[in-house]
Every structure is written in C-alpha cells, then in structure tokens.
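The block underneath contains the structure these notes are about, expressed in structure tokens.
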C-alpha cells in the first residue's frame, strides 16, 4: 500500500467555491438523489476497441472513460525475470471546460502514476517474464472521481485481455464536504470539498493496493472514509465480475 498527499483529484479544483450548493437536503440526500454512501449509476462494457488485446468503457454519472490494453508483448526495456506494466492516462481536450489550465502533461503523468500503483499489485508480472503490458486510458468526460473510474475500468480491460491477475481491482473516492463524507463524488461535490480520499483494492483478497488523501483528517473520519471506500470497492468488484461473465468468457 502506498500513500501520498495530493493537492486535488479534480480538474475543477481551479474553480471557486462561491456558488456553494447544499451538501444534503432535508431527506439526507445529495443533489442527485443519492445517499452519502451511494455510488453513481454505472455502465461498463468490454470489447470497445477492436485493435486492442482487451478494452473497456465506463460511465459513472457524467464521468466517461475508455481503456485499451495491449500485450503482453516484447519490448527492449523489459526485465527478463518479470513482466512490465506501463500505464498512460490522458485527459481529452474536450473532457473539461478548463482544459487549458488543467490538462497539462504533469496532471496526466500524476494520474498515470496513481493508476500504475493501483494495478501493479494485482497483475501477476511473473506470469509474463520479459514482456510488457501497456494500459492506455482516456478520460472522455470529467465528471468527478475520474481516477477511480479509470482504475476500475482499467482492471476490467486487463481481465478482458486475459492478462494474469491475482484479483480484480476496484477504486473509489470520498469527498469531505461541510463535515459530510460523500462516496463517489460528482464534479459539483469535488468543487466544494475540504478533503479527499482515494482507495484502490483487491476486494477478494481484502487488500488495499493504493491509498492517497488530501486535506486534514481525524483518525475517526479517516477510518470512516476508508470503510466507505472499501464497501464501494466490494460492490464495484461484484458488478465488474458479473459483467465480465456476461460479456466475455473470462
């Protein structure tokens, strides 16, 4: 498990908080009618890139992501003892209205590092020594919790490509907004957050593969947010596993 403090997980962090929206209404529901611990409606599909070894497309609310996996294949930079996993994440120029301020290579690289750290523990690199697996992710629309959606979609694409894995990886985010913890935040919720937590896990093994957070968190609130993320990862893993069985013979 790895940890790091980041400035923000949202490309909309450059927006001001002047237009503050109520976090929860009188019924305890968010602006999109979800409970605080509820993920957005999700749509996932495999086989979306015909030229790739494996691929997947994901929609979580307004967040839309496409992932292609290529390999295992030979490259000059691969160790002869173990395989190599390469992760590349790009944000489409039309994904966010602030692309000119946000979408520089530095941010793409940061997402790529987070994706690699989230997946590497789940990929059996000893099963393809001397070969490389490339994961290319494109954020088509930024709608909140982007890197979590990328990670879950990439895991599904790896499974579709039949890359040897110890377990599926699912990822979720929690935003800390006005003393409330909100699982799988939307862009509007991320704009108001005082803190954020990202967690990727192999739910079948009850093992966290990567963990990052920003802001100031009490020990109690951190534990609560981690629990929300783990519950979300379990549900997502079950969904991905079910869809893989329906859409492929993995």
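In full-length UniProt numbering, the protein residues as written are 1 to 250. The C-beta atom is built at its ideal place from N, Cα and C for all residues, glycine as well.
Asked                                                                                                             : Found
Segment limits, alpha helix (DSSP H) that includes residue 53                                                     : Where residue 53 is concerned, there is no enclosing alpha helix (DSSP H), given that its DSSP letter is neither H nor E.
Three-state secondary structure assigned by DSSP to residue 219                                                   : helix
Simplified DSSP assignment, three categories, for residue 15                                                      : Bear in mind that the predicted position of residue 15 carries a pLDDT of just 46, short of 50, making it too unreliable to give a figure here.
Counted within 10 angstroms of its Cβ, other Cβ atoms place residue 25 as buried (16 or more) or exposed          : exposed
Buried or exposed (CB count within 10 angstroms, at least 16 for buried), residue 155                             : buried
From 142, 54, 223 and 235, residue whose alpha carbon lies closest to that of residue 248                         : 54
For residue 141, the nearest candidate out of 208, 128, 96 and 115 (CA to CA)                                     : 96
Residue 236, buried or exposed, once every other Cβ within 10 Å from all chains shown has been counted against 16 : buried
Local conformation of residue 203 per DSSP, three classes                                                         : helix
Inter-stretch contact at 8 angstroms, needing at least 3 Cβ pairs: the stretch 145-160 / the stretch 50-70        : yes
Residue from 181, 46 and 129 with nearest C-alpha to residue 38                                                   : 181
Sub-8 angstroms separation of residue 170 and residue 150 beta-carbons                                            : no
DSSP state of residue 245 mapped onto helix, strand, coil                                                         : helix
Identity of the residue in 215, 234 and 192 nearest residue 208 by Cα                                             : 234
Reduced DSSP category for residue 193 - H, G, I as helix; E, B as strand; rest coil                               : coil
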